[in-house]
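Residue numbers (the working numbering): 66 to 871. First up is the structure itself, then whatever we jot down about it.
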DNA sequence: CGAATACCGTTTTTT
DNA sequence: ACGGTATTCG
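Next up, the structure:
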């Protein structure tokens with residue numbers, strides 16, 4: 066066994082650490098007393114309770130700098146864990162800036178998963194299982210070149226196991242089983258540790274399937290994301306020598322976003338921090354919003370008892386938001402029980418109150434926010450103009466974004482959506498990666514299954530089953546099975562020929578790779594010769610051009626790596642889609658995605674009971690669920706630096722059905738002193754001056770809407786919540802009216818660019834025909850997406866977008 | 001085998 | 001309403 070071969074290096078490292086001795090400490094400059102304490106309390110357990118916007122990353126990086134400068138540890142002796150690659154990258158960059166060239170490395174700064182992969186590659190052999198194979202039990206070890214499965218592979222595997230067990234897939238879908246296994250893994254429960262009351266899961270067969278799944282993974286030499294952590298815990302628990310080694314090695318441990326840790330991560334940290342207890346956890350119990358995926362707020366609440374003698378340091382001075390915004394946020398979060406408690410304060414100017422406005426329906430809400438954003442862009446009511454980059458709309462659920470997208474496309478307001486599938490989990494990227502995987506590891510059966518009929522090669526279920534049978538009968542991989550099928554003509558005809566070509570292609574690419582051919586060229590060749598590129602070129606869906614674009618990006622991403630193997634090693638964990646700065650855009654994202662971000666101007670729409678707080682959350686998790694929703698509200702408000710606008714709609718289309726709702730109970734919890742109620746025109750006798758064209762337009766619109774909506778709730782019902790009435794009584798200012806004459810400004814270039822009957826392309830809606838022109842907006846009948854009104858600058862002539870007539 | 005149709009589910013998401 | 005998937009039909 067060779068897993069201790071780094072120990073000499075460790076010794077050397079800690080010796081010269083002391084030699085580094087004290088140096089000037091510029092990184093301490095400008096820290097407030099609490100931050101200073103958090104930075105300088107180096108030994109023993111520390112809980113840094115860092116409220117929103119209190120400079121936690123700054124303190125964290127300064128702390129690392131201090132550890133290094135004080136000679137307490139060398140860069141490779143500090144374990145610094147984050148949840149996301151983004152957070153890890155940010156910390157690394159900041160540290161680099163702070164320390165100059167002094168730190169190269171920090172090899173152990175990374176996500177839980179990235180660090181686990183590193184550890185697991187060293188000690189994979191220590192993971193062993195008795196797996197039934199060919200009628201007897203065989204001990205199988207994990208090998209250090211294991212592959213990391215994506216969710217798709219995982220699901221396919223589970224589906225196979227469910228089918229093999231003769232379970233009805235309809236009633237017991239693989240997704241559900243994946244969820245259950247994930248839940249168990251979050252708790253660090255291996256198959257033999259599932260408590261009795263949970264063993265009934267999945268028709269009583271969950272545990273058995275879990276066990277089979279783990280067996281299969283080992284045979285495939287693969288891990289899912291949960292395993293990365295679980296295996297490392299297993300190794301540390303079962304091998305005292307390894308544990309002791311790492312406890313000595315990681316002299317100081319730092320953990321970011323501690324409130325998001327699950328049980329497995331907690332156990333992992335406890336194991337590693339067990340000796341010296343030099344662990345500093347940073348977090349905010351009020352921002353724990355990931356309970357639904359296994360995060361345990363309890364971890365942070367229990368910190369002081371878990372780590373005896375822990376020092377708790379509160380960061381409470383906020384550098385982000387105005388007093389009104391902080392006041393509103395504090396008022397809401399005060400409704401939660403069992404908090405560790407913090408009082409945020411700021412030296413900032415009072416600023417604007419949080420604004421609250423109700424709308425008749427979701428479309429009107431989107432319309433109002435769109436116009437408000439445009440007004441802020443120009444500068445309104447004596448406020449300086451804001452860039453669209455300074456504004457964000459934060460929603461509870463992704464489907465709320467649609468109303469905004471539709472509206473913004475119509476008025477031509479540039480927007481950007483954060484979230485959605487990450488680059489590497491997109492269909493085309495995973496397909497391409499499967500090809501690469503298969504070239505690098507021909508025995509990767511999951512990759513083979515993925516691409517054997519992608520692009521279509523005339524190899525359907527039947528042919529694929531034949532390959533499976535052949536492979537199993539001969540005890541070889543699917544690729545080899547396929548080769549046998551071709552040779553023996555078991556699969557003949559068109560499909561057989563195509564399969565033969567695929568097998569030959571894979572052989573050829575692999576040979577080229579082993580010859581040391583340039584991996585970028587090779588990647589291009591693989592995608593071209595396999596027909597994958599052509600497949601998307603022939604596809605006429607609106608997504609196709611984007612997918613080809615992504616494939617190009619994928620090949621470009623290869624530049625950063627030595628070879629295909631190296632690329633595949635890292636890609637599953639590291640790749641995200643970095644969006645490059647373009648023209649200013651308003652940002653649209655979920656509240657969850659907004660955690661850790663900040664914007665001068667924030668809109669929080671959809672504050673209606675049932676939507677936010679989410680009914681489902683309350684049904685499933687009761688008070689705990691409601692409290693998590695409340696923390697989400699807190700997170701949302703505290704994203705705002707200067708101006709925060711909360712809104713709700715009385716009526717909303719949900720799953721195609723109009724539904725009315727009451728204003729969110731969180732609205733009732735907003736302290737009056739920090740809130741200004743904007744009065745919607747027309748709702749209270751229309752006493753506010755709607756004038757001229759804008760008013761006419763407004764009433765025309767609501768009239769049109771209303772007539773279609775007989776079943777909507779009456780206004781009186783809707784605006785009757787106690788909190789809303791209380792706040793309404795305080796209403797100070799009429800709503801800003803839609804801006805005069807906007808529709809008279811016509812973008813001449815847009816008008817002249819297209820004519821009726823033109824064939825056009827839109828990146829979201831695909832191809833369509835121009836059926837009408839109104840001012841600067843075009844009415845386009847899209848082939849797939851229906852008829853939309855769109856500003857000309859979002860459209861491209863179809864021929865230019867690559868559509869081939871007929 | 002591949003295209004047309006029936007059916008289902010529908011909060012939040014990282015690695 | 002809608003989009004993804006599973007089944008059915010040609």
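Built from N, CA and C at the ideal position, the CB exists for glycine as well. What you are looking at is a predicted structure, and each value in this text was computed from that prediction instead of being measured.
Which partner residues does residue i have in the DSSP bridge list?
{"i": "residue 723", "result": "718"}
{"i": "residue 881", "result": "Within the shown structure, residues of the chain are numbered from 66 to 871, placing residue 881 beyond reach of any answer."}
{"i": "residue 728", "result": "673"}
{"i": "residue 705", "result": "664"}
{"i": "residue 113", "result": "347 and 378"}
{"i": "residue 175", "result": "146"}
{"i": "residue 212", "result": "287"}
{"i": "residue 201", "result": "198"}
{"i": "residue 206", "result": "193"}
Under the rule that 16 or more other beta-carbon atoms within 10 Å means buried, what is residue i, buried or exposed?
{"i": "residue 202", "result": "exposed"}
{"i": "residue 253", "result": "buried"}
{"i": "residue 538", "result": "exposed"}
{"i": "residue 627", "result": "exposed"}
{"i": "residue 468", "result": "buried"}
{"i": "residue 408", "result": "exposed"}
{"i": "residue 908", "result": "Outside the shown range of the chain, which is 66 to 871, sits residue 908, and nothing can be said about it."}
{"i": "residue 836", "result": "exposed"}
{"i": "residue 720", "result": "exposed"}
{"i": "residue 765", "result": "Interpretation of residue 765 is limited by its pLDDT of 31, a score under 50 that renders its predicted location unreliable; no figure is taken from the coordinates."}
{"i": "residue 370", "result": "exposed"}
{"i": "residue 327", "result": "buried"}
{"i": "residue 324", "result": "buried"}
{"i": "residue 610", "result": "buried"}
{"i": "residue 492", "result": "exposed"}
{"i": "residue 603", "result": "exposed"}
{"i": "residue 389", "result": "buried"}
{"i": "residue 672", "result": "buried"}
{"i": "residue 705", "result": "buried"}
{"i": "residue 357", "result": "exposed"}
{"i": "residue 939", "result": "The structure shown does not extend to residue 939, since the chain is modelled only from 66 to 871, so the question has no answer here."}
For a test of the three-state rule: what should DSSP assign to residue i, helix, strand or coil?
{"i": "residue 410", "result": "strand"}
{"i": "residue 480", "result": "strand"}
{"i": "residue 159", "result": "helix"}
{"i": "residue 384", "result": "coil"}
{"i": "residue 467", "result": "helix"}
{"i": "residue 679", "result": "strand"}
{"i": "residue 336", "result": "helix"}
{"i": "residue 348", "result": "strand"}
{"i": "residue 540", "result": "coil"}
{"i": "residue 854", "result": "strand"}
{"i": "residue 842", "result": "strand"}
{"i": "residue 610", "result": "helix"}
{"i": "residue 451", "result": "coil"}
{"i": "residue 295", "result": "helix"}
{"i": "residue 743", "result": "strand"}
{"i": "residue 135", "result": "coil"}
{"i": "residue 503", "result": "helix"}
{"i": "residue 399", "result": "coil"}
{"i": "residue 354", "result": "coil"}
{"i": "residue 837", "result": "strand"}
Could you tell me whether any non-hydrogen atom of the ligand NAD is closer than 7 Å to the CB of residue i?
{"i": "residue 411", "result": "As presented, the structure is devoid of all ligands, the ligand NAD included, so that no description of it is given."}
Roughly how far, in whole angstroms, is the beta-carbon of residue i from the beta-carbon of residue j, given that I think they are within contact range, below 8 Å?
{"i": "residue 247", "j": "residue 495", "result": "Contact flag wrong, Cβ pair sits at about 19 Å."}
{"i": "residue 710", "j": "residue 669", "result": "7 Å"}
{"i": "residue 667", "j": "residue 459", "result": "6 Å"}
{"i": "residue 679", "j": "residue 461", "result": "6 Å"}
{"i": "residue 511", "j": "residue 564", "result": "Going by Cβ atoms, the distance from residue 511 to residue 564 rounds to 18 Å, so no, they are not a contact pair."}
{"i": "residue 337", "j": "residue 372", "result": "That pair is no contact at about 13 Å."}
{"i": "residue 349", "j": "residue 708", "result": "The pair is not a contact, with the Cβ atoms about 23 Å apart (cut-off 8 Å)."}
{"i": "residue 118", "j": "residue 383", "result": "5 Å"}
When you compare the stretch 352-365 with the stretch 97-106, are there three or more beta-carbon pairs, one atom per stretch, that lie closer than 8 Å?
no
Is there contact between the stretch 174-182 and the stretch 240-258, where contact requires at least three CB pairs shorter than 8 Å?
no
Can you find at least 3 beta carbon pairs, one from the stretch 401-419 and one from the stretch 736-743, that sit closer than 8 Å?
yes
Below 8 Å, how does it come out for the stretch 227-240 and the stretch 299-307: are there three or more Cβ pairs, yes or no?
no
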